[in-house]
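Here is the structure we will look at, set down as structure tokens.
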Amino acid sequence: MSDEIETRARKAARRSLTRRDFLKGVGATGAGLAFGPLLASCGGEESTTTSTAAQGGGGGPKTGGSLKVGIVGGSAKDTLDPHLATTEPDIALNTQLYDSLMGWDQDYVLKNRLAEEVSANPEATVWTVRLRPDLSWHDGKPVTSDDVVYTFQRIVDPANPLSGAASLGGLKPENVIKVDERTVEFRLDIPNAILTEGFAYRQNMLIPVGFDPTKPVGCGPFKLGEFKPGQQATFSPFDGFWEDGPYVADLTIIEFADEAARVNAFLSDTVHMISQLPRAQVTVVEGSAGHKVLRASTGAWQPFTMRIDEKPYSDVRVRQAFRLIVDRQQMLEQAYSGYGWVANDMYSPFDPGFPKDLPQREQDLEKAKSLLKEAGYADLTVELVTSDAVGGSAVSAAQVFAEQAKGAGVTVNLNKVDPGVFYGDQYLTWPFAQDFWYTRNYLAQAAAGTLPTAPYNETHWKDEEWQKLVEEAYRTPDDAKRNELVAAAATIEYERGGLIVWAFNDQIDAYNEKIGGVKPDKSGTPLTGFRFHKVHFA
Amino acid sequence: MPPLLKLILMRFGLGALTLFLVSVVVFAATQALPGDTARAILGKDATPQRLELLRQQLGLDKPVPQQYWEWLSGVAQGDLGDSLVQQGMSVTSLLRDRVKNSAALVLIAALVSVPFSIIIGALSAVWRDSKFDMTASVGNLTLAALPEFVIGIGLVLVFATNVFKVLPAVSRLDPSVSMFRQLHLLILPALTLTLAVAPYISRILRASMIEVLESEYVMMARLKGLSNHLVLWRHALPNAIVPTLQVIALNLAWLAGGVVVVEYLFGFPGIGQALVDAVANRDLPMIQALCLLIAGVYVVLNLMADLGTILVSPRLRTGLR
Amino acid sequence: MSEIRSVTDSELVEPAKVHGARRRSEWVEILHNAWGFNRTRVGVGIFAFILLLAALGPFFAPHSPTEFVAAPFSGPSAGTVLGVDYIGHDVLSRVLWGGRTVLGLAIAATIIGLVLGVSFGLIAGYARRWLDETVMRLLDVLLAFPQIVLVLLLISLLGPKLWLIVLMVGLSHAPRIARVSRAAALEVVQRDFVRAAEALGEIKPRILFFEVLPNITSPLLVEFGLRLTYSIGLIAALSFLGFGLQPPAADWGLMINENRIGITVQPWAVVLPVSLIAILTIGTNLIADGLGRALIGIERESGGPS
Amino acid sequence: MNDVVLTVDGLEIVLDPSGIGIDHEVSLVIRQGEVLGLVGESASGKTTAATALLRHQRRGAKIAGGRIRIDGTDIFGVSDAELRELRGGLISYVPQDASAALNPALRIGTQLTEILEAHSFGSSAAERRKRLAEMMAEVLLPSDRAFLRRYPHQLSGGQQQRVAVAMAFGCRPKVIVLDEPTTALDVTTQAHVLDTIRDLTKSYGVAALYVTHDLAVVANLADRIAVMYAGRVIETGSKRDIFRQALHPYTRKLLAAIPDLSGERALHGIPGWAPRPGQRPEGCAFVPRCDWAIDRCREEFPPSEGPSEEHQTRCWRYREVGAQPMGGDARQSGRDGTTGAADQPVVDVRQLSAFYQRKECLHDIFMALHERRCLALVGESGSGKTTLARCIAGLHPFKIEGEITFRGHQLARDSRGRPRPVRQAIQYVFQSPYSSLNPRKTVRQILAQPLRIFFDLDAGETDARMAHALEQVALDTSLLRRYPDELSGGERQRVAIARALAAEPTVLICDEVTSSLDVSVQAAIIELLAQLQREGGLSMLFVTHNLALVRSIAQEVAVMSEGRIVEFGLVDTVLENPQADYTRKLLADTPTI
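Protein chains in written order, with the numbering used here: chain A, 79 to 616; chain B, 30 to 350; chain C, 22 to 327; chain D, 2 to 594.
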């Protein structure tokens, strides 16, 4: 679901949102905070705060009360067009107003949302979607297949493809066909076994025919009250929402450009929840009565990227040596303050096909040294390009890597560049750098970051054996079979890939004990995935 | 032409010349930037056709002097271009509130520090070598030495985080609320600026007052049997203030730069903060606008100090040199 | 006329050295007299302390400045006397390592500023007329930018490279130093020994270098102290803004930036570098002030007839 | 003695923190209507003593003992408020430099009125306005509103000084202290101000203390004279006593050092220098320079003695000194060779006009300096004499028209444009040796400069030449290692002359070379220059504002006024039979003994 968020985030980084850098300045430790929603942080060890338990009392959740939420950033550019949403505030606001056909639940399992049923033909070329009955828009009109056709034709309009288009792999506007009032057919030229992930994509939320973003009408849990871009927005509950909730009487989302201001507002009970709690403040919040930390394990990651077509990384032994240099546990503890879980040089940990039985890679400096020596790079000096744009913790991780590399006789010089430079012209050409990705399943991730056709193939990864496996998986609607192919492909990357995937980071938010319905969200989207309709006062 | 008028016109001319040169420097500097503005705007989406189109739209294909002229005439009409970062937003609209905020901050700092430091400086000179003078001197020396962020962090430690927790450590103004209802947010940043500026003014006033007190004409005034009151307030202080005017102007101009660090420190939404952001993001039109604005403040304040000096010193006013 | 008037003032002059034994050259004299002020001694003491700390600190650092010794923002413990920073480096070790850059860069920048400024100032002061006007007008333009703004403008153009920052901080000092040296040079240039050298047909560079320059060393000495103070502040401020040294460098200004977020949890990582920068700038400022006072004293003394 | 207005008794003044003495045992008496001239060279403590009469000291000095009574009031015994009443009321002060003593930010009317107001002089504003008009009339200044509304900088130097005088006489004080009030003025203006002062003291019967370094001024103004040396009054007496029968060797030498317009006396310098506070020896401070000194002088300072109560001195041998006749050898050395026929001019100035910026400041000058002659160029400040000298030396930074030739060769305006031999041949000695010697260079480095530029010498020869140059100016080679600061004013000027001589010039231009020196030193320098010119065969252009010096050194004189030469001729002819009005006026205004 979140590849478009990343794309957007990268663009944002490239253009360097003022606000973001502001945050960066306030606290280098703020890690991924900069990227707000996007950069999740995650708990390697089990999430300590079982927030669900807090509100688990008997009977139904209490209704009423004014919920106030503090989130990161926001600017005059905040948009209420779900197909253009990029920043944390955009996503937070749009999640209230709109909904999508499918969606990831809080355990990162794909579920139907507006769709009652989604099915494909065996070749995965024709997908049929049937809407739930009795769905309606905020203005009372029913949600129909016309709206679905309108939505997806708008997204994949070849004249102006929107951010979600890439996730719908090759869908043409004329191939979105209304079958009846509740049924739509998607006819693909090339098979796509994971089109469902496209339906779950946040930028592919449903809009009504004749949509006008200045008067946003959606079918999400809340209706818009007052909206001041860059400052705050108020919402009232939508009675016709298909799922349970909302429970609160009204909702205010307040945007805080400044980290400390956000934390202060939370600790002084001006707001009930905040996203992106600075790690340094975790102990403060934990020690403060009535305030709780919401920590979610996610599949978000900040890899080191080695270009496999550039010396010395073109030698697989060097790549292997570099992976052996990393003491993942130490890196996790120093760079993420322990808020995350150790990774094994493979991404997409929640993918059903993820190979869980491969041995955990550990630091082995001796082996690293001998590999480097074998490769003829005994006294290696390399430059590692890093930037706050990747997230403050990325720079920290780079420092940890540099320090650990000393043990293997490798000198790592950090080249910390500005956001605009990092994601500027030279992005994707750095021989050795870092990047960030959100939770995503394997094939979607490959399409975004590892396939030769992927827009962000930082490592210039190209491996015929691997590519065949991935392409076949794309065409394979059978889950078990596809999972096997994915596992095989991931194993190849585990052995000779250009990424060092050392941890998945936790998303850390905070909430007031007075509210319930708060649950860690594995996708890395802050604050229960912004599903505030599930939140209620205790 | 009367010599006084000529003198004043000359100062204006010089001020205008400096401002013009400043604009050339700012434009030339940002023009010299390696990299392509069009590419910076379009980022990864850039296709050659779109780049070309955008360059045309931005006038980047025109000769440099013409670009400068167009930029300058835009500036003259209050059009500072569009932000590269916050696309579609004009620099002017992005800066409007920030300029107001910074102006308020600087104004408060100036209104507190100037009279305060003049009094301290004058009293130190009059009670030269007294305990008061010694204390003020050490205080001035210490404060003058400290970089403003050190003063600021010190104040935060004492008043906001670790000792007392009486004032906010962060001064993020709520734009929807009148500033007068958020004055408590301005206390620490304004205090930082005040403490950073006051020592300079009071030191220079002390020095100039001492010089005046040792002058022949003050000695003469004493030997004429004038009361202390007359000697100090009629003979000494007016002469001591004149050279201080320039320093006051310089320090007020410095405030415009000092806000950079102080606003960053307190997260205060002003021009200083905007400059740090713009630099970090290479938001050229924003940097151009801010540098021009800050340098303009300097030139104008200097001009005012020049004119003030002319008006208060008879030798210049009567134009006989 | 002033000569005649000062004859009477000279009655009040302390009997320094006039017809006595061999006199030391003036700047030695200034140093000597400056040493007579308590504030100078305190300043020198502070400066020496920081200098020693910066120079020798690394040898006493219990850990490497880039080594990870505990979980981020852990408080003081047995192994880490002052706790660790945002990433787990030992605060004490980083503090001990972090003075070199501040001092070294500031001194380098000040020297660059001095060389540039003095060159401009001398040339302007001696050339006068249009060259003077042009040089000073151009410097005025630079002067219109507060130093931090000027440096930020240049950083925005060329990026935060270390040598560039030193150069730019130096450059930002140049107009101010040029003004001081020009003013001093103007006064010297009017004196007759310059006329005398001109009458003899001495070449201009020799006049600038041997006649004028030696006579403005004293104000420059004071200016150096003052500029050094500002350089330290400016360079620390740039690091603090995130445009100075980059991680994993151990640098006091950077430390403040990096650890500010944890100020309530682990104040040492901020308080210590802030305090050290503070006392360092206070120290250099005390020295500059002492020198300034000594200079005024000397001027008054030898200001007899001149 | 009942008309004694002011008595100073045993006044002691010291430097403040150090306690080093400035003035010792200063005792003076002034009667009503009497002017006491307090004479001394620099650092003699005369100004310090004078301001003490108003119980005032500059920072760094304090009154440590003694008693001052004015009209019966012990001024050290009064409260601060009473003191304010006294100052300006009973005793007033005329400063040395009125341009500095008038507040630049206040109109002169305000400054004059406030002294009347402060002392409640006159019972109403109208009365005070009337008094103000009177005051202005007394000093011959207009009293119209427009004039009173002027600021000090809008007045000329003479007018400023008159305002200061008017202010001092404003409240009709009993005592007035005049601290070198005319030093900063031209002779003509000085003469007018002195006249005013004389008239006012006489007509109001004020007791005046007139502090000066210039005995010639005192000779015209004072009734009695007190001579100070090294912080002590060493001789007091009536004007007649002092000039006819001075009892102290210093007084006598001082008189001999005063240039004499009439040319009847030869000029004699006093070797050495006056000691500053803190360097004064035990016993009599004059011992190192005294021809009469005996052992006792070194041990014990003599008491005040004298032939009469009026004429007192402090010298163990005053009787022997007094027995010697005053005055000395008659003819002046500088005038030898006046009569020889003039050779071809060495420097010839023809139709020269010079500009200061764009304004013409020298007009149509014709002037010739002949071989082995000394030409004195005389004029008041602003007359253009220095400009002319600098034009010849190639130091005038602005445009000139006309021609200057050296031995027939046309000279470029700028010395850099002149060939090396010409630069070498014309040497220039500047007015102030405090400014013309680089304080950062040793004497050796200073003297080496012309040698390096003009001659190609090895080290040994350079040393020999430097030694020779020093010898010519009667200095020891031990000075080579010294810095200018370590030399006295006279020594410095000698070094400056030695530098010029080291270039082995034909023409020596001396620009007011003695004006910043004490008279005793001035006389010695004049002696030296006259000798050098005579024996070294130099052609010399001697620029001076002091007409009295001309006789002592020059054979020819050119008088300048407002950028023109108004009279030119042999010294005797011009001084004894002046043709131009201006010369006559100048002669009349020059104070003489």
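All C-beta atoms in this analysis are idealised placements derived from N, C-alpha and C, irrespective of residue type, glycine included. Just so we're clear, the structure is a prediction, and the values are computed from it rather than from any experiment.
- DSSP places W320(A) in the coil class of the three-state scheme, outside both helix and strand.
- Contact between the stretch 223 to 233 of chain A and the stretch 310 to 325 of chain A is absent: fewer than three C-beta pairs spanning the two stretches fall below 8 Å.
- Per DSSP, the continuous beta strand (DSSP E) segment holding E263(A) begins and ends at 261 to 265.
- In the structure shown, W184(C) falls within a helical segment according to DSSP collapsed to helix, strand and coil.
- Contacts between W283(B) and chain C, judged by CB atoms closer than 8 Å, involve P167 in chain order.
- Interface residue (Cβ-Cβ distance to chain B less than 7 Å): A525(A) is not classified as such.
- Scanning M229(D), I295(D), A208(D), A51(D) for the CA closest to the CA of L222(D) turns up A208(D).
- Taking the Cα positions, A511(A) is about 10 Å away from L577(A).
- Fewer than three pairs of CB atoms, one per stretch, sit closer than 8 Å, so the stretch 438 to 445 of chain A makes no contact with the stretch 195 to 207 of chain A.
- Within 10 angstroms of the beta-carbon of M163(B) lie fewer than 16 other beta-carbons, which makes it exposed.
- Within the same chain, F166 come within 8 Å of L174(C) by CB-CB distance, once the 5 residues on both sides are set aside.
- Neighbours of R374(D) in chain C, taken as residues whose beta carbon is under 7 Å from its own, are absent, since the nearest beta carbon is some 22 Å off.
- Taking CB atoms only, A524(D) has no neighbour in chain C less than 7 Å away.
- In chain order, E115, A119 make up the part of chain D whose C-beta sits under 7 Å from the C-beta of L255(B).
- Beta bridge pairing from DSSP links S309(D) with no other residue.
- By the rule that beta-carbons nearer than 7 Å mark a contact, P288(C) touches chain B.
- Among the CB atoms of chain A, one or more fall inside 7 Å of the CB of V199(B).
- Secondary structure within the stretch 150 to 228 of chain A: the beta strand (DSSP E) runs of 3 or more consecutive residues, fully enclosed, are 180 to 182, 188 to 190, 193 to 198, 204 to 209 (chain order).
- Shown here for L284(B): same chain residues with a beta carbon closer than 7 Å to its own, the five before and five after excluded, namely V135, A138, A139, L222, V226 in chain order.
- Contacts between M168(D) and chain B, judged by CB atoms closer than 8 Å, involve K253 in chain order.
- Beta-bridge pairing by DSSP links Q310(A) to K306(A), I332(A).
- The beta carbon of S437(D) falls within 7 Å of a beta carbon belonging to chain C, placing the residue at that interface.
- Assigned with DSSP and collapsed to three states, I108(C) falls in coil, not helix or strand.
- DSSP places E42(D) in the coil class of the three-state scheme, outside both helix and strand.
- In the three-state DSSP reduction, F89(C) falls in the coil class, being neither helix nor strand.
- When 8 Å is used as the limit between beta carbons, S28(D) is near no residue of chain C, the shortest such separation being about 19 Å.
- DSSP places N270(A) in the coil class of the three-state scheme, outside both helix and strand.
- Note that the C-beta distance between L319(B) and L330(B) is not below 7 Å.
- Nearest neighbour of T274(A) by Cα position, chosen from N561(A), W205(A), G248(A), G142(A), turns out to be W205(A).
- Proximity of chain B to P497(A) at the Cβ level (cut-off 8 Å) is accounted for by A309, N310, in chain order.
- In terms of CA proximity to T285(C), V192(B) leads the group I323(B), I316(B), V192(B), I277(B).
- For P272(B), the enclosing alpha helix (DSSP H) covers residues 266 to 295.
- Given a length threshold of 4 residues, each whole run of the alpha helix (DSSP H) inside the stretch 110 to 176 of chain B is given here in chain order: 120 to 155, 160 to 174.
- Against chain C, the CB of A589(D) has no partner CB under 7 Å away; the residue lies outside that interface.
- Neighbours of R132(D) in chain B, taken as residues whose beta carbon is under 9 Å from its own, are absent, since the nearest beta carbon is some 15 Å off.
- Here M333(B) carries a helix assignment [DSSP, helix/strand/coil].
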